[in-house]
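First comes the structure, then the notes that go with it.
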Amino acid sequence: MRTSLFKSWFLLGAAAVLAIPTVSLAQNTAYQENQWMEMQSHIGKFSGHAAAAKSDYRRYCVGCHGELGDGNGENFPWLDPKPRDFTLGVFKCRSTPTGTLPTDEDLFNTIARGLVTSNMPQWNTFTNQQRADLVAYVKHFSARFQNEKPGEPIQIPPEPEITADRVKAGQEVFNRVQCWKCHGVEGRGNGPSASTLTDDQSRPILAYNFHDETRFKCGTSDQDLYKIFMTGLDGTPMPSWSDNIKPDEAWDLVFYLRSLQPMKSKEKEIARQLGLKPVNPNAPAAQPPATQPPATQPPATPPPAAQPPGSQP
Amino acid sequence: MRMGTQFLRGHKPSYLSVALIVFFLVLSGSQPASALPAFARKYGLRCSACHESWPMLNYFGQKFKDNGYQLMNDRDAPIWQNPSYWPVTFRIVPIWHRVSTGKVAVDTASGGTTEQRITSSGFDISGLDFHTGGTLEKNFSFYVLPSSDNTASFHFETVMARLDNLFGSPWLNIKLGKFELDNLLSEKRILTLTGNGGIYQLYHFIPVGDGNIFGQIGDNQLGLELMGHSANDRTRYSASLLSSSDGQPGLIYGANSYSGFFTASQAFDVGKLGVDRIGAYAMIGQAPTRWLTSGTSPLGGSGIGNKSYHREGFVGLFYFGPHVDLQVVTQHGWDNAWFGQGYGDLVDGVVTGNNTPGTTLPVGSRAPTWNGVLVEPHYVYSPQLIFVGRYETIRMSQQATPGTPSNLGNISTYTIGYRYNPFMTSRAGFAWHNEYNWLHQDGTSPSGNNINTSELLLGFDFDF
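In structure tokens form, the structure reads like this:
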């Protein structure tokens with residue numbers, strides 16, 4: 024009887040001792056959570072507040088992105104591509120240089136536009152205020168947004184006039200910087216490296232097929248396409264080419280890539296008139312030695328920082 | 189009050205009350221409902237993404253539907269699904285309900301009749317729906333819904349195929365088959381289940397003695413619909429050409445009678461309140477009043493002598509922040525005097541009135557007209573719990589026959605209830621449903637008295 028009583032007290036004591044750090048941790052995380060819940064966003068005249076988006080996040084987003092924003096929602100196993108892990112603070116669609124945080128407006132636009140060829144729909148049914156609140160909520164998951172400022176948006180020079188020379192020059196850029204290695208010589212996403220591509224979570228990822236899509240991952244306009252290869256798609260093997268391609272050349276590349284897309288366009292018509300053939304990587308170089316592509320490994324990972332509760336390292 | 193106190197003092201908590209408390213605690217303590225789980229399974233979205241509360245759509249769900257059950261992310265075609273994916277969902281509701289109907293004609297022991305209230309209660313089931321819908325290919329969508337009553341007698345509630353985004357434009361979508369009219373406040377997605385509260389009275393109202401069954405905007409209709417919307421679904425329109433058959437297949441009514449249903453609406457971003465929508469609708473049509481006969485039996489599909497009818501009204505979907513919204517529908521209805529005198533329908537294949545050559549209307553016959561409104565507020569406590577209320581009233585403004593009491597057939601009905609979804613996933617839906625409805629209709633008992641009917645319902649509404 025006495026032994027039994029002793030055992031009970033011992034177990035109770037052990038439980039209490041074990042519970043102390045748990046309670047303390049819970050208090051810390053609750054404090055942190057409350058602090059981070061004060062996160063705001065500012066898009067034009069709209070100011071978003073994370074706390075105001077809690078209900079919308081739970082209603083619309085949590086099934087994929089998870090309660091903790093770590094992309095580990097209940098649908099995680101079934102989705103491809105996988106949902107974004109907000110805790111990392113790494114985003115594909117930015118107007119800012121590679122490795123930097125996106126602006127609030129970048130996230131605001133991504134929510135409305137959705138991500139083509141993924142399960143992320145266009146949430147353009149939301150009010151602007153709802154979207155602004157959700158931007159703040161997305162930011163609150165990552166310590167990066169606590170500690171860093173967004174990058175400075177890149178400058179996009181005015182779009183020049185489309186000419187045959189530019190389309191042709193764009194193809195040369197495509198060849199020179201070896202876009203074909205991933206996207207294929209015809210831009211069908213079937214280059215020699217395509218099958219080896221992985222994202223920053225080491226998950227297989229497809230190269231973009233220009234012939235299938237009228238929309239890009241991060242927009243539909245020429246400016247959006249310009250931004251994609253000058254800022255890179257962080258978290259994917261698509262690097263930023265801003266150090267390797269001059270702005271004028273970037274526009275040439277835009278025009279050439281437009282000529283590959285399925286819809287009718289001036290670029291496509293020019294390419295047809297020129298009789299452009301797919302690039303031939305084995306052809307003797309008519310130019311000075313090819314520019315080496317920038318690092319093709321996953322782009323900069325965020326600096327280590329405190330993660331929100333329960334997030335994965 | 190004293191009685192209550194005594195009751196409390198005199199009774200310790202019974203096993204039943206403890207069990208009930210535990211039951212509700214289990215319900216309320218469950219982890220953090222689905223809709224057409226076939227869509228949820230396909231896209232991995234929870235039901236709450238498309239439904240304010242299943243099955244009522246929210247704005248995003250309406251856009252998904254308007255896009256032909258597509259998210260428009262270039263992953264809509266079935267080729268992107270696992271080959272074993274099969275877009276089928278079933279829905280059924282086991283219930284307990286108590287129905288009380290006043291002024292029912294009852295035989296007396298002396299051989300006469302009297303009117304008395306009949307109240308019955310017990311366990312029951314609803315009909316069964318098998319929903320199957322989705323895309324056959326990008327921009328080719330379909331919906332087929334075999335539906336039964338609670339004796340498993342099936343019919344096709346919906347059978348339609350749709351061509352979406354013709355010429356790459358969301359403004360051009362064509363649907364052919366049997367489908368729900370483009371009612372902004374959808375009766376097929378109603379949040380209530382009782383006999384009288386589970387429909388919108390306004391969508392089915394027929395004046396007493398009227399023979400026009402063809403203007404029921406709540407019934408799925410056979411026809412062709414052209415529908416369009418802006419990219420973000422703020423602006424919508426639809427125009428349908430319908431057979432005047434009230435959705436019944438087999439061309440059993442008119443030889444050449446058609447109706448049209450038209451809607452247009454515009455939504456507005458009202459900041460923190462949400463997105464509000466206002467719109468208008470009209471159903472305008474003709475339906476037969478005369479049938480050729482063979483051996484006095486009417487010949488199906490021979491209906492001629494078309495007479496006209498119309499229904500029109502406004503719709504408003506008003507949101508007041510994330511928790512409260514108010515849905516409003518008005519209606520003005522008008523039937524030709526022939527309908528008002530009972531011509532129009534074949535009841536069980538028998539002509540109630542046949543407008544054969546030489547038939548004349550009773551002296552003074554007029555076109556019956558009426559006005560109605562329904563107001564349905566919702567309080568969305570969370571995506572898992574919604575409270576619903578509804579008030580509907582329909583008032584006759586002109587009876588078909590002079591001398592008829594002006595209020596004959598007027599309806600007033602109240603409904604309150606709530607639906608609680610104890611879990612929320614993208615695989616299945618389950619709602620604990622509790623509802624009460626009360627309906628009053630003027631002068632329609634056998635002896636011309638007013639009828640009051642009420643129903644209390646509790647049930648498990650589930651689909652998978």
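In the order they appear, the protein sequences are chains A and B. Adding 23 to a residue's 1-based position in the first sequence gives its number in the working numbering. Adding 188 to a residue's 1-based position in the second sequence gives its number in the working numbering. All residues carry an ideal CB built from backbone N, CA and C; glycine is no exception. What you are looking at is a predicted structure, and each value in this text was computed from that prediction instead of being measured.
- Going by beta carbons, Gly-212(A) and Leu-280(A) fall outside the 9 Å limit.
- Interface criterion met: the Cβ of Gly-462(B) is under 9 Å from a Cβ in chain A.
- Contact note: Cys-87(A) reaches chain B through Gly-232, using a C-beta cutoff of 7 Å and chain order.
- The beta carbon of Ala-616(B) sits no closer than 9 Å to any beta carbon of chain A.
- Looking at the DSSP output, Lys-366(B) shares a beta bridge with Val-347(B) and Leu-410(B).
- In the three-state reduction of the DSSP assignment, Trp-626(B) falls in the strand class, which pools E and B.
- One finds Asp-457, Val-458, Gly-459, Lys-460, Leu-461, Gly-462 and Val-463 in chain B with Cβ atoms closer than 9 Å to the Cβ of Thr-150(A), taken in chain order.
- By DSSP's assignment, Gly-310(B) forms a beta bridge with His-285(B).
- The C-beta of Asn-420(B) comes closer than 9 Å to at least one C-beta of chain A.
- Beta bridge pairing from DSSP links Met-415(B) with Asn-361(B) and Ser-426(B).
- The residue from Glu-564(B), Leu-410(B), Gln-454(B) and Ala-419(B) with its alpha-carbon nearest to that of Pro-437(B) is Leu-410(B).
- Taking a cut-off of 8 Å on C-beta distances, the segment 148-157 of chain A does not touch the segment 270-277 of chain B, as fewer than three cross pairs fall below it.
- Within chain A, the residues Thr-148 have their CB atoms less than 7 Å from the CB of Lys-251(B), given in chain order.
- Under the 9 Å criterion on CB atoms, Leu-644(B) is classed as non-interfacial with respect to chain A.
- Listed along chain B, the residues sitting closer than 8 Å to Thr-140(A) by beta-carbon distance are Asn-261, Asp-262 and Arg-263.
- By the criterion of at least three beta-carbon pairs nearer than 8 Å, the segment 390-401 of chain B is in contact with the segment 553-572 of chain B.
- For Arg-189(A), not one C-beta of chain B is nearer than 9 Å to its own C-beta.
- By the 16-neighbour rule on beta-carbons within 10 angstroms, Pro-476(B) is buried.
- Between Ile-378(B) and His-206(A), the alpha-carbon positions lie close to 49 Å from each other.
- Annotation for Val-576(B): the continuous beta strand (DSSP E) segment containing it runs 573-586.
- The Cβ atoms of Trp-242(B) and Arg-607(B) lie closer than 9 Å to each other.
- Within the segment 594-626 of chain B, contact with chain A at the beta-carbon level (separation under 9 Å) is assigned to Met-612, Thr-613, Ser-614 and Arg-615.
- The DSSP-derived three-state label of Thr-477(B) is coil.
- Residues of the segment 494-527 of chain B with a C-beta less than 9 Å from any C-beta of chain A: Pro-510 and His-511, listed in chain order.
- When only Cα atoms are considered, Asp-370(B) and Ile-405(B) end up about 9 Å apart.
- Under DSSP, Arg-199(A) forms no beta bridge with any residue.
- In the DSSP secondary-structure assignment, Lys-495(B) is bridged to Ala-475(B).
- Membership of Pro-510(B) in any alpha helix (DSSP H) is not indicated, and neither H nor E is assigned to it by DSSP.
- The count of Cβ pairs closer than 8 Å, one atom from the segment 605-620 of chain B and one from the segment 580-592 of chain B, stays below three, leaving the stretches out of contact.
- Cβ proximity to chain A below 8 Å picks out Ser-570 and Pro-571 from the segment 547-576 of chain B.
- Under DSSP, Ile-639(B) shares a beta bridge with Gln-629(B).
- Relative to Gly-67(A), the option among Ile-268(A), Pro-301(A), Arg-189(A) and Asp-127(A) whose CA is nearest is Asp-127(A).
- The beta carbon of Arg-117(A) lies closer than 6 Å to those of Pro-125, Asp-129 and Thr-254 in the same chain, with the five residues before and after it left out.
- Between Met-244(B) and Ser-374(B), the gap from beta carbon to beta carbon is short of 9 Å.
- Under the 9 Å criterion on CB atoms, Ala-226(B) is classed as non-interfacial with respect to chain A.
- Ile-228(A) sits away from Phe-239(A), with the two beta carbons spaced by 9 Å or more.
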